[in-house]
Amino acid sequence: MSTNYIIDVIGSLNIESITQQLTKHGINVVSEASQNNKTKRLVFFCPLEVFLLGKEPNATLAEQIDSWTEQTQALFNQVMAGSDSAVLIDLGYAISDLDGFNQSVTDLFSLDTPFKSTLDINWFALLQHSLSVQEYFQAQSVYENLLASADIIQNIDRCSIINRALSYISQLRASTEKGNQQQALLEEEVQNLASSILNLETQTSDLTTENKELTESKSSLENEKQELASESELSLLQIHQLQEELEALQQTSQVKESSILTLEARTSELTATNTKLTEDKNLLESEKQTLVVENELSLLQIHQLQEELEHYYYKSQTRQMARKVSFPQAEQITTGYSEFSLQLRKLL
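Each residue of the sequence shown is one higher than the last, beginning at 1 in the UniProt record's numbering.
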């Protein structure tokens, strides 16, 4: 079972950072109600001037000193009587040497990681209090007696009121220098901020102008957007119409393709028929030419025959007329020859 600790502080100095660090490192900090045989008091005491930092507003300096002396003496008496199991820790050590104090706490509780605490001290006020209690030798004696029994203390040779005051002066000087450095840094930061403000004002002006331009541009774009929306709606309507026309054209195209296929088939048939007819025509032309030649030959023969026939007919008639005596008979013969010749020509 681990040891539990009840925190007790003489004075009103804020040690919240120390308590948080103890809890963080696994030290069990409990309330008075949880006290048992495994519970120890963890008592933080301090020099008189540190006690006065938490000065009560309605108490005089003498009353504050008496209060500190009474509490510190009572704690010392308890330690000497052995009636209380307590761990005594001097906060004066934390104020004069915080790093050494943190290391002593680390060693006392055998912590795995370094103990790190911070204290917010008004060094000027602390120096004033240390100078105001220089003549309170009894208070210094009580403090030194308690140091002799404490678990964590600073070097006993540095515990005198004079040495503590000198330490506070050094801390105040360091704090002042740090404050001056911080002030210089703050002044530089203020200048940088002022420059940044000017830059921001310039940027703000530029951004305001840009914002105005963007607002106008936005308004123009919104108008264009509305126009484009109207055009888009019209385009969509036209697209739908074109789609309908396209579908109609596709249907017409399909019908035409079907008709073309039919016509191509018909054309193929007609081409084949025409080819056959052309062949037949060529054959007929050839036969016609043959017949024409034959007809011409026949006509020639007929003419020849006609001429021969006329010749022989005329010759025959002439002979017959020579036998006749009368003139009318000769005229009848001539007339008959002419009719015969005309009929023969008609036949040709």
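Glycine residues also receive a C-beta, built at the ideal position from the N, C-alpha and C atoms.
What residue does the alpha helix (DSSP H) around Lys324 start on, and which one ends it? For Lys324, no alpha helix (DSSP H) run applies, since DSSP gives it neither H nor E.
Is Pro47 buried or exposed, if buried means 16 or more other CB atoms sit within 10 Å of its CB? With 16 or more other Cβ atoms within 10 Å, it is buried.
For Thr273, name the three-state secondary structure that DSSP assigns. In the structure shown, the three-state DSSP call for Thr273 is helix.
Do Thr3 and Lys38 have their C-beta atoms within less than 8 angstroms of each other? Contact flag set, yes.
Quick one, which of Val142, Leu166 and Phe137 has its alpha-carbon nearest Gln128's? Nearest C-alpha to Gln128: Leu166.
Take the Cβ of Tyr136 as the centre, count every other Cβ of all protein chains shown within 10 Å, and call the residue buried at 16 or more, exposed below. Here Tyr136 is buried, its C-beta having at least 16 other C-beta atoms within 10 Å.
Where does residue 349 fall in DSSP's three states? Any question about residue 349 goes unanswered here, given that the chain covers just 1 to 348.
Go through its chain and collect everything with a Cβ distance to Asp66's Cβ below 7 angstroms, but skip five positions before and after it. For Asp66, where only same-chain residues beyond five positions count, there are no Cβ hits under 7 angstroms.
Contact check, Asp151 vs Ile89 under 8 angstroms by CB: the rounded distance? The Cβ separation is near 6 angstroms, so the contact holds.
Span of the beta strand (DSSP E) holding Asn28? Asn28: member of the beta strand (DSSP E) spanning Asn28 to Val30, first to last residue.
What residue ranges within the stretch 38-87 form continuous beta strand (DSSP E) runs of no fewer than 3 residues, ordered along the chain? Taking 3 residues as the shortest admissible run, the stretch 38-87 contains the following complete beta strand (DSSP E) segments, listed from N- to C-terminal end: 39-45.
Give a yes or no on whether the C-beta atoms belonging to Phe76 and Val142 are separated by under 8 angstroms. Their beta carbons are under 8 angstroms apart, which means Phe76 touches Val142 by this criterion.
Cβ contact check for the stretch 104-119 and the stretch 170-187: 3 or more pairs under 8 angstroms: As far as the Cβ criterion goes, the stretch 104-119 does not touch the stretch 170-187, which means the pair count is below three.
Applying the 10 Å Cβ sphere with the 16-neighbour rule, what's the burial state of Gly11? Burial call: buried.
So Ile95 is in the alpha helix (DSSP H); what residue range does that whole segment cover? First-last of the alpha helix (DSSP H) with Ile95: Leu91 to Ser96.
Are Asp97 and Gln20 closer than 8 angstroms when you measure CB to CB? Asp97 is not a Cβ neighbour of Gln20, given a cutoff of 8 angstroms.
Between Ala272 and Tyr314, what straight-line distance do the alpha-carbon atoms span, to the nearest angstrom? Going by the C-alpha atoms only, they are around 60 angstroms apart.
Same chain, Cβ closer than 7 angstroms to Ala102, neighbours up to 5 away in sequence not counted: One detail in the question is off: residue 102 reads as Asn in this sequence, not Ala. Cβ neighbours of Asn102 beyond the five flanking positions: Pro114, Phe115, Lys116 and Ser117.
Is Ile161 buried or exposed, if buried means 16 or more other CB atoms sit within 10 Å of its CB? Ile161 sits buried, since 16 or more C-beta atoms from the chains shown fall within 10 Å of its C-beta.
Exposure label - Gln64; buried when at least 16 CB within 10 Å: Burial call: buried.
I need the straight-line Cα distance from Val292 to Ile260, nearest angstrom please. Each residue's Cα considered, the two are about 44 angstroms apart.
With C-beta atoms as the reference, is Leu146 less than 8 angstroms away from Thr72? In this structure, Thr72 lies closer than 8 angstroms to Leu146 by Cβ.
Buried versus exposed, by CB contacts within 10 Å (16 or more), Ile95: Flag for Ile95 reads buried.
Between the alpha carbons of Ser235 and Glu216, how many angstroms are there, rounded? Spanning the alpha carbons of Ser235 and Glu216 requires a straight line of approximately 28 angstroms.
Of the residues Tyr5, Val29, Asn58 and Leu52, the one placed nearest Glu41, counting alpha carbons only: Before going on, a small fix: residue 41 reads as Arg here, not Glu. Comparing Cα-Cα distances from Arg41 to each of Tyr5, Val29, Asn58 and Leu52, the minimum goes to Tyr5.
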